[in-house]
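Q: Input: one structure, supplied below.
Protein chains: 4
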Amino acid sequence: MAQDTSSGRAPRADARKNRAHILETAEKVFAANGVTGSMDTIAKRAGVGPGTLYRHFPTRESLLAELLQTRDRELEAKRQAIEQERLDPDTALSEWLDALAVWVSAFDGLSEPLREALSERTSALTITCQGFITSTDKFLEAAQEAGGARSGVRGRDLFLGVLATAWVSNAAMADKSTATALASLLRSGWVID
Amino acid sequence: MAQDTSSGRAPRADARKNRAHILETAEKVFAANGVTGSMDTIAKRAGVGPGTLYRHFPTRESLLAELLQTRDRELEAKRQAIEQERLDPDTALSEWLDALAVWVSAFDGLSEPLREALSERTSALTITCQGFITSTDKFLEAAQEAGGARSGVRGRDLFLGVLATAWVSNAAMADKSTATALASLLRSGWVID
Amino acid sequence: MAQDTSSGRAPRADARKNRAHILETAEKVFAANGVTGSMDTIAKRAGVGPGTLYRHFPTRESLLAELLQTRDRELEAKRQAIEQERLDPDTALSEWLDALAVWVSAFDGLSEPLREALSERTSALTITCQGFITSTDKFLEAAQEAGGARSGVRGRDLFLGVLATAWVSNAAMADKSTATALASLLRSGWVID
Amino acid sequence: MAQDTSSGRAPRADARKNRAHILETAEKVFAANGVTGSMDTIAKRAGVGPGTLYRHFPTRESLLAELLQTRDRELEAKRQAIEQERLDPDTALSEWLDALAVWVSAFDGLSEPLREALSERTSALTITCQGFITSTDKFLEAAQEAGGARSGVRGRDLFLGVLATAWVSNAAMADKSTATALASLLRSGWVID
DNA sequence: GATGAATGAGGCTTCATTCAT
DNA sequence: CATGAATGAAGCCTCATTCAT
Chain U
379 MAQDTSSGRA
389 PRADARKNRA
399 HILETAEKVF
409 AANGVTGSMD
419 TIAKRAGVGP
429 GTLYRHFPTR
439 ESLLAELLQT
449 RDRELEAKRQ
459 AIEQERLDPD
469 TALSEWLDAL
479 AVWVSAFDGL
489 SEPLREALSE
499 RTSALTITCQ
509 GFITSTDKFL
519 EAAQEAGGAR
529 SGVRGRDLFL
539 GVLATAWVSN
549 AAMADKSTAT
559 ALASLLRSGW
569 VID
Chain E
379 MAQDTSSGRA
389 PRADARKNRA
399 HILETAEKVF
409 AANGVTGSMD
419 TIAKRAGVGP
429 GTLYRHFPTR
439 ESLLAELLQT
449 RDRELEAKRQ
459 AIEQERLDPD
469 TALSEWLDAL
479 AVWVSAFDGL
489 SEPLREALSE
499 RTSALTITCQ
509 GFITSTDKFL
519 EAAQEAGGAR
529 SGVRGRDLFL
539 GVLATAWVSN
549 AAMADKSTAT
559 ALASLLRSGW
569 VID
Chain Z
379 MAQDTSSGRA
389 PRADARKNRA
399 HILETAEKVF
409 AANGVTGSMD
419 TIAKRAGVGP
429 GTLYRHFPTR
439 ESLLAELLQT
449 RDRELEAKRQ
459 AIEQERLDPD
469 TALSEWLDAL
479 AVWVSAFDGL
489 SEPLREALSE
499 RTSALTITCQ
509 GFITSTDKFL
519 EAAQEAGGAR
529 SGVRGRDLFL
539 GVLATAWVSN
549 AAMADKSTAT
559 ALASLLRSGW
569 VID
Chain S
379 MAQDTSSGRA
389 PRADARKNRA
399 HILETAEKVF
409 AANGVTGSMD
419 TIAKRAGVGP
429 GTLYRHFPTR
439 ESLLAELLQT
449 RDRELEAKRQ
459 AIEQERLDPD
469 TALSEWLDAL
479 AVWVSAFDGL
489 SEPLREALSE
499 RTSALTITCQ
509 GFITSTDKFL
519 EAAQEAGGAR
529 SGVRGRDLFL
539 GVLATAWVSN
549 AAMADKSTAT
559 ALASLLRSGW
569 VID
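In the order they appear, the protein sequences are chains U, E, Z and S. Residue numbers for the first sequence follow my numbering, so the first one is 379 and each next one is one higher. Residue numbers for the second sequence follow my numbering, so the first one is 379 and each next one is one higher. Residue numbers for the third sequence follow my numbering, so the first one is 379 and each next one is one higher. Residue numbers for the fourth sequence follow my numbering, so the first one is 379 and each next one is one higher.
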């Protein structure tokens, strides 16, 4: 799925190894310095020339997109698991949002490019996000039909809510409770009618 | 008010003028390019050397803090107005949060440094934020006592919620509805109990 | 004709096809972007790896030299045509120089490598140029003997004059008249004796 | 003339020294490697950071323009000298063109940016060139009126002729005679009417 | 105090060429 | 032979910040 299947030929062994190594390195760099870690740093730490990095990943987004794919697959699996558990629609949505939250917290600062991806047509991340918004919509609609979720809420809003929550948590020294507090706010609001 | 009173001596007239002019310029630059506009640009547009800029405002945050003070005062006035209107405590909280939202949207990208300020002990913005969190707490507690707001919610969380909402809106092409959608989520949540 | 005959073995069919296709592509690229178009671009657009490109054409010059061969043949034909027309020697020279000018303007920026080729012993283009200089010399000598061209002028100088004229025309926005103006200067000079 | 007189304040001593040193270095680098020598190299060899270089000379052209100014002044002096000598108009033109030729041969490859400057409105070099074209026009018109120069020739063409001649001479190993040969061609042409 | 010159690390990217597969 | 991955030097430029004047 990740390899360029367009060429019809299997990628060379060394290239595959390099690519994998770059990804590992990028993961470390992103985890350590956040997603703004420089391309040059990644290349250097991966022991390859910048050219090699650019060959595999012409943009930072493409690198990020690739890095997220493993997690994407996990998330997708989680989605199917939730569906098959036949939970209350609102519990299902709740769990899906939790899963999304885990996914976004993969790297420090990840919410930033994701937010940007949502405003662009071009980014490699856009498609990923769109997919997850669609999934959110499905869970949400089910919950709405079952009377467990407010009408007027859109999947896109919930997705952005998850991003925003992650963004808040990314503050250098945010205490852990912050994310939960916000998530809970999004869930139940602060007002009592 | 923000002059370094430590020296015990009144600032020179030209210094005072410079300071004022820098603030005006910074306001324009931040309004136009967002808060990431380069310090050099501000200095240049203000017609002063970068050294002068740094003398008055040793960090970008201190500049920002100063810049927000006018708006802080407006916000403070708003706070008092709300208090004097003797509204339902939850309506009061609601209006306060709206006022905060307006305050944060003063400049593009302002939510970023504010979030950071909350995780640091040092920033010039921290104090400002703390003050508003305290105010939020007061409104919130009143609402909680009156049974109009959930217990377990903290003023800090609501404040962060406001920041997060602003952050989402800062996405290049965020449609206007996004901010309202998120604000409404924070208010009422998505779940129906 | 340009195949490396050193191996004594006929080139493989696919190699021949590749070579031809590279040439076609290079022609297009050079025509569109000028002769500084990157080797990688040519390889990519030709659908071959850079290695293949380099196998066939170890230097950019060798590629150019090969590319010019078709035009070389046209130019050679033109030369014979001029000779057979039995014109005034100076008219003949004049037409020959015009033909050369057309030849040099085949690609944007072609004059550059040609000029360099003239200062090297090694380049694949050198031989081509030498041939044309020799031809120029012949036309020139005939004209000189007939009293239609100044003595003291060398074929090499006229050839360089043609290159120089082309170089001037390659300026981004050179108006068309520039080339003619220079050519006319070279022909008649600016001075009236 | 070269200092930014706009500020009304004398440049700082260290800045002036730096600027001068950069110019010296650039002169050497350009003389050695031609005008394509990289900005970074110049900065490094001058012992300053790239930022400093860019502060003084925001573009390569501005650097070049400055570098040429000394020579510009010499050329201007030469122009006046020629005028005051009250020579035949065509001799005067001839001497002026020679002086121009010397000026262009200041650095290897200088003709290139000059040619480009002629096709742009913006370059720092454009003005310089325009000035010299105007001067050429004056000499040329005088010669034309006196019957010593062909009508139909424009100053711009002669200027470009000079550039082209220099360009030809810049070939790595061009023998010295080449430039003279071309200059002579431009002067008298190859044809005898 | 004001100035603005200097710093210089650091970011981005391209491309001719080689060589393992 | 063809491939295309890898190289990595080299170019470009910006900007927060310091410090001599």
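Beta carbons: idealized from backbone N, C-alpha and C, even for Gly. Bear in mind that the values here come from a model prediction, so they are computed numbers and not experimental data.
(1) Would you give the residue range spanned by the alpha helix (DSSP H) that serine 513 (chain U) belongs to?
(2) Roughly how many angstroms lie between the CA atoms of alanine 520 (chain U) and alanine 470 (chain U), to the nearest whole one?
(3) Measuring straight from C-alpha to C-alpha, what distance separates glutamine 462 (chain S) and glutamine 522 (chain S)?
(4) Which same chain residues, not among the five before or five after threonine 414 (chain U), have their C-beta less than 7 Å away from its C-beta?
(5) With contact counted as at least three CB pairs below 8 Å, one residue from each stretch, are the region 468–482 of chain Z and the region 494–507 of chain Z in contact?
(6) Closest Cβ-Cβ distance between valine 569 (chain E) and chain U: below 8 Å?
(7) Quick check: alanine 527 (chain E) and valine 546 (chain U), are their CB atoms within less than 8 Å of each other?
(8) Are the Cβ atoms of aspartate 535 (chain U) and leucine 563 (chain E) separated by less than 8 Å?
(9) Quick one, which of S:Asp553, S:Met417, S:Ala542, S:Glu490 has its alpha-carbon nearest histidine 434 (chain S)'s?
(10) Determine the extent of the alpha helix (DSSP H) in which arginine 493 (chain E) is found, giving its start and end residues.
(11) I'd like the list of long-range same chain contacts for isoleucine 511 (chain U), defined as Cβ closer than 6 Å, with 5 residues on each side in sequence excluded.
(12) At a CB-CB cut-off below 7 Å, which residues of chain E make contact with tryptophan 545 (chain U)?
(13) Where do the N-terminal and C-terminal ends of the alpha helix (DSSP H) with asparagine 411 (chain U) fall, by residue?
(14) Report the rounded CA-to-CA distance for threonine 437 (chain Z) versus arginine 493 (chain Z), giving the unit in angstroms.
(15) Anything in the region 488–505 of chain Z with a Cβ closer than 8 Å to a Cβ of chain S? List those residues in chain order, please.
(16) Strictly by DSSP, which residues pair up with valine 569 (chain Z)?
(17) Any beta-carbon of chain U closer than 8 Å to the one on leucine 478 (chain E)?
(18) Which bits of chain Z does alanine 549 (chain S) rub up against, with CB to CB less than 7 Å?
(19) What does a CB cutoff of less than 7 Å around leucine 541 (chain S) pick up in its chain, not counting 5 residues either side in sequence?
(20) Would you call the CB atoms of phenylalanine 408 (chain E) and phenylalanine 485 (chain E) closer than 8 Å?
(21) Are there 16 or more other CB atoms within 10 angstroms of the CB of alanine 380 (chain S), so buried, or fewer, so exposed?
(22) Between the beta-carbon of alanine 524 (chain S) and the beta-carbon of aspartate 450 (chain S), is there less than 8 Å?
(23) Classify alanine 495 (chain U) as buried or exposed, calling it buried when 16 or more other Cβ atoms lie within 10 Å of its own Cβ.
(24) Helix, strand or coil: which one does DSSP assign to phenylalanine 537 (chain Z)?
(25) Which term fits threonine 543 (chain U), buried or exposed, when burial requires 16 or more other beta carbons within 10 angstroms of its beta carbon?
(26) If you count every other CB in all the chains shown that lies within 10 Å of the CB of alanine 421 (chain E), and 16 or more means buried, which is it?
(27) When you check each C-beta in the region 515–540 of chain Z against every C-beta of chain S, which residues fall closer than 7 Å?
(28) Tell me the DSSP secondary structure of serine 472 (chain U) in three-state form.
(29) Would leucine 445 (chain E) and alanine 404 (chain E) be called neighbours here (beta carbons separated by less than 8 Å)?
(30) Drop a sphere of 10 angstroms on the beta-carbon of serine 472 (chain U), count the other beta-carbons inside from all chains shown, and report buried for 16 or more, exposed for fewer.
(31) Take glycine 427 (chain E) and list the residues in its own chain whose beta-carbon comes closer than 8 Å to its own, dropping the five residues that flank it on each side.
(32) Should leucine 560 (chain E) be flagged as near chain U, meaning a C-beta pair shorter than 8 Å?
(33) Using a Cβ-Cβ cut-off of less than 7 Å, list which residues of the region 428–449 of chain E approach chain U; keep chain order.
(34) How should alanine 398 (chain U) be labelled, buried or exposed, when 16 other C-beta atoms within 10 angstroms of its C-beta is the threshold for buried?
(35) Under a CB-based cut-off of 8 Å, is leucine 465 (chain Z) close to chain S?
(36) For aspartate 515 (chain S), which residues of its own chain have a beta-carbon under 6 Å away from its beta-carbon, when the five flanking residues on both sides are left out?
A: Judging by the given coordinates:
(1) Annotation for serine 513 (chain U): the continuous alpha helix (DSSP H) segment containing it runs 502–523.
(2) Distance between the alpha carbons of alanine 520 (chain U) and alanine 470 (chain U) is about 9 Å.
(3) Whole-angstrom Cα-Cα distance: 19 Å.
(4) Excluding residues within five positions, the ones whose Cβ falls inside 7 Å are Gly487.
(5) Judged by pairs of C-beta atoms under 8 Å, the region 468–482 of chain Z does not touch the region 494–507 of chain Z, as fewer than three such pairs exist.
(6) Under the 8 Å criterion on CB atoms, valine 569 (chain E) is classed as interfacial with respect to chain U.
(7) Alanine 527 (chain E) is not a Cβ neighbour of valine 546 (chain U), given a cutoff of 8 Å.
(8) Yes; because the gap between Cβ atoms is below 8 Å, this pair is in contact.
(9) Out of S:Asp553, S:Met417, S:Ala542, S:Glu490, S:Met417 has the C-alpha closest to the C-alpha of histidine 434 (chain S).
(10) Where arginine 493 (chain E) is concerned, the enclosing alpha helix (DSSP H) stretches over 489–497.
(11) For isoleucine 511 (chain U), where only same-chain residues beyond five positions count, the Cβ hits under 6 Å are Gly533, Arg534, Phe537.
(12) Ala542, Trp545, listed in chain order.
(13) Per DSSP, the unbroken alpha helix (DSSP H) holding asparagine 411 (chain U) starts and ends at 391–411.
(14) Taking the straight line from one Cα to the other gives about 16 Å.
(15) Hits within the stretch, in order: Arg493, Glu494, Leu496, Ser497, Glu498.
(16) DSSP, once it has assigned bridges, lists S:Ala527 as partnering valine 569 (chain Z).
(17) Against chain U, the CB of leucine 478 (chain E) has no partner CB under 8 Å away; the residue lies outside that interface.
(18) Chain-order list of chain Z residues neighbouring alanine 549 (chain S): Arg493, Glu494, Leu496, Ser497, by C-beta distance under 7 Å.
(19) Hits under 7 Å: Val482, Ser489, Leu492, Arg493.
(20) The answer is yes: Cβ separation under 8 Å.
(21) Only weak support exists for where alanine 380 (chain S) lies, its pLDDT of 40 falling under 50; the value from the coordinates is given anyway. By the neighbour-count criterion, in which 16 or more other beta carbons inside 10 Å mark a residue as buried, alanine 380 (chain S) falls on the exposed side.
(22) Taking C-beta atoms as the reference points, alanine 524 (chain S) and aspartate 450 (chain S) fail to come closer than 8 Å.
(23) The residue is buried, with at least 16 neighbouring Cβ atoms inside 10 Å.
(24) For phenylalanine 537 (chain Z), the secondary structure class from DSSP, reduced to helix, strand or coil, is helix.
(25) A residue is called buried when at least 16 other Cβ atoms come within 10 angstroms of its Cβ; threonine 543 (chain U) meets this threshold and is buried.
(26) Burial call: buried.
(27) Cβ contacts with chain S come from Gly525, Gly526, Ala527, Arg528, Val531, Arg532, Asp535, Leu536, Leu538, Gly539.
(28) If DSSP states are grouped into helix, strand and coil, serine 472 (chain U) belongs with the helices.
(29) Between leucine 445 (chain E) and alanine 404 (chain E), the C-beta spacing is below 8 Å.
(30) By the 10 Å Cβ count, serine 472 (chain U) comes out buried.
(31) Closer than 8 Å at Cβ, skipping near neighbours: Ala421.
(32) Yes, leucine 560 (chain E) counts as interfacial toward chain U.
(33) The residues in question: there are none.
(34) By the neighbour-count rule (16 or more Cβ atoms within 10 Å), alanine 398 (chain U) is not buried but exposed.
(35) Chain S, which has no Cβ nearer than 8 Å to the Cβ of leucine 465 (chain Z), makes this no.
(36) Correct list, in chain order: Gly533.
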